[in-house]
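*Asks:* Here you go, one structure.
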Amino acid sequence: MARIWVDPRCGADPISVIFCSARYDTFLWQNPYNRNMKYRLPIFTLLGLAAMTVAAAEWMIAPGCLSRALAQSPSAASEAPADSSIDYGAPGSDASATENILTTAARRLHESPPFEAKLRERIDLFGQQLVGSGVYMQAGQGSDQFRLELKIQLADRMTSLTQVCDGRYVWTRRDLGPEQQYLSHIDLVRVRRALAESGSTAIPPNQWLAIGGLPGLLNGLSENFAFNTPATHQLGELPVWTTKGSWRPEMLAELLPNQADAILAGKPASLESLPVHLPASVAVALGRDDYLPLFPYRIEFRRLVPRPKSPELKPAASAATSATASTSGSVEQPMLILELFEVRSPAVIDPRAFTYDAGDQEDHDETEATIRRLLNIDSPKSQ
96 MARIWVDPRC GADPISVIFC SARYDTFLWQ NPYNRNMKYR LPIFTLLGLA
146 AMTVAAAEWM IAPGCLSRAL AQSPSAASEA PADSSIDYGA PGSDASATEN
196 ILTTAARRLH ESPPFEAKLR ERIDLFGQQL VGSGVYMQAG QGSDQFRLEL
246 KIQLADRMTS LTQVCDGRYV WTRRDLGPEQ QYLSHIDLVR VRRALAESGS
296 TAIPPNQWLA IGGLPGLLNG LSENFAFNTP ATHQLGELPV WTTKGSWRPE
346 MLAELLPNQA DAILAGKPAS LESLPVHLPA SVAVALGRDD YLPLFPYRIE
396 FRRLVPRPKS PELKPAASAA TSATASTSGS VEQPMLILEL FEVRSPAVID
446 PRAFTYDAGD QEDHDETEAT IRRLLNIDSP KSQ
């Protein structure tokens with residue numbers, strides 16, 4: 096499986112974590128108690144979104160199992176309201192959803208007609224609340240091509256991330272302001288070749304395609320979290336399936352090595368011990384209509400926070416938050432909310448949207464470093 100890592104040179108503020116971690120590594124989140132242990136969680140790293148980046152611009156590893164493309168492809172736009180909230184916690188009883196709904200959603204998304212959507216994310220991390228907006232485009236029809244553009248206002252400066260996959264290369268440009276730009280690329284052909292030659296059983300076949308895209312984010316969530324039975328809800332006027340995931344025991348044992356034996360023995364973990372930048376759970380809302388079946392309109396990464404001491408002090412925000420409390424006196428609160436809305440499919444997208452011209456920009460080849468991390472090979476020490 097893919098591994099996640101945060102470079103120790105990064106600062107502790109959310110923008111440094113988001114962009115600096117992406118600069119030195121295409122995967123996010125390292126256990127601070129064991130810096131030699133890298134663990135799984137293909138990131139979209141969290142799409143490089145300042146938290147899809149903090150949590151989904153490089154989580155993405157495109158799915159490898161292909162089947163038929165979506166039969167339905169209406170042209171009407173669909174929007175998920177920004178202020179909608181859902182209780183993801185109650186398990187559903189409708190058996191019409193497949194057992195592994197996220198894997199099915201990833202496959203359908205990968206094979207869907209071309210589409211584009213507006214993107215909005217809200218981040219509550221390290222004591223800061225940030226809002227980002229942008230656009231996501233995908234060539235679909237089994238192609239690995241996608242384009243992500245994200246902007247986040249930070250105090251007096253605008254930060255941005257652009258990620259483009261042309262099918263062969265994944266280009267990533269991070270801009271934190273004057274003299275703070277960084278451009279890198281990954282050669283997907285070399286990555287696939289290295290994985291095929293390694294025959295590594297640690298990397299499942301469905302991760303042998305391209306790094307990047309919403310399909311890979313969904314696959315990564317499916318592989319790292321165990322989700323409850325999907326339930327039927329409404330996201331505004333949009334009918335959706337909702338499901339909530341908790342860490343799989345083998346993953347949680349890696350994240351909390353001091354509790355590993357107890358976790359693997361089936362005992363509950365103390366999730367309050369997770370590093371502050373790691374979620375305790377993930378919640379997803381997937382389309383339930385005929386327009387874009389199982390489209391991921393909303394993804395929440397949640398952490399545990401102390402239970403408010405009085406009714407006036409409520410954790411931020413949603414019915415989903417108030418519905419999920421732990422027995423230890425903590426409640427779950429979103430640390431990152433990713434929303435996709437005004438989705439157009441099929442969309443007529445200029446093919447040039449999936450190309451990147453580096454021009455005279457300094458470009459960093461991160462292919463070899465990516466291969467080493469995917470194969471869980473320690474890089475040569477630089478010190």
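Residues in the sequence shown are numbered from 96 upward in steps of one, following the numbering used here. Don't be surprised by glycine CBs; every beta carbon is placed ideally from N, CA and C. Just so we're clear, the structure is a prediction, and the values are computed from it rather than from any experiment.
For His459, report the span of its beta strand (DSSP E) as first-last.
*Replies:* Start and end: 458-460.
*Asks:* Can you tell which of Gln276, Pro429, Val230 has its C-alpha closest to the C-alpha of Val259?
*Replies:* Looking only at Gln276, Pro429, Val230, the smallest Cα-Cα distance to Val259 is reached by Val230.
*Asks:* Return the CA-CA distance between Thr254 and Gln456, expressed in angstroms with no decimal places.
*Replies:* 18 Å
*Asks:* Taking just the CA atoms, how far does Asn314 sit from Gly294?
*Replies:* Taking C-alpha positions only, Gly294 is separated from Asn314 by approximately 20 Å.
*Asks:* Label Ser376 either buried or exposed according to how many other C-beta atoms from any shown protein chain fall within 10 Å of its C-beta, with 16 as the threshold for buried.
*Replies:* buried
*Asks:* Would you check if there are 3 or more beta carbon pairs closer than 8 Å linking the region 281-294 to the region 456-468?
*Replies:* Yes: the two stretches touch, three or more of their Cβ pairs being nearer than 8 Å.
*Asks:* If you draw a straight line from the alpha carbon of Asp219 to that of Gln428, how long is it in whole angstroms?
*Replies:* 9 Å
*Asks:* Residues in its own chain within less than 7 Å of Gly340 by CB, not counting five upstream and five downstream?
*Replies:* Taken in chain order, the residues that qualify are Leu316, Phe320, Ala321, Phe322, Ser376, Val377.
*Asks:* Since His280 contacts Glu461 with CB under 8 Å, what's their CB separation in whole angstroms?
*Replies:* Correct: roughly 7 Å between the Cβ atoms.
*Asks:* Per DSSP, what kind of secondary structure is Leu491 in: helix, strand or coil?
*Replies:* The shown model of the chain, from 96 to 478, leaves out residue 491, and the question about it has no answer.
*Asks:* I'd like to know whether the C-beta atoms of Leu369 and Trp336 end up nearer to each other than 8 Å.
*Replies:* 8 Å or more divides the Cβ of Leu369 from the Cβ of Trp336.
*Asks:* For Lys339, write down the residues that DSSP places opposite it in a beta bridge.
*Replies:* Ala378
*Asks:* Decide if His459 is buried, meaning its Cβ has at least 16 other Cβ atoms within 10 Å, or exposed.
*Replies:* Exposed, because fewer than 16 other Cβ atoms sit within 10 Å of the Cβ of His459.
*Asks:* In the DSSP assignment, find the beta strand (DSSP E) that holds Ser207 and state where it starts and stops.
*Replies:* Here Ser207 belongs to no beta strand (DSSP E), and DSSP marks it neither H nor E.
*Asks:* Measuring CA to CA, which of Ser207, Glu216, Ala201, Gln240 is closest to Tyr451?
*Replies:* Gln240
*Asks:* Could you pull the start and end residues of the alpha helix (DSSP H) that Ala348 belongs to?
*Replies:* 344-350
*Asks:* In whole angstroms, give me the CA-to-CA distance for Tyr264 and Ala448.
*Replies:* 14 Å
*Asks:* Excluding the 5 residues preceding and the 5 following Thr257 in the sequence, name in chain order all residues of the same chain whose CB lies nearer than 6 Å to its CB.
*Replies:* Closer than 6 Å at Cβ, skipping near neighbours: Glu244, Arg268.
*Asks:* Can you name the start and end residues of the alpha helix (DSSP H) that Ser317 belongs to?
*Replies:* Its alpha helix (DSSP H) spans residues 309-319.
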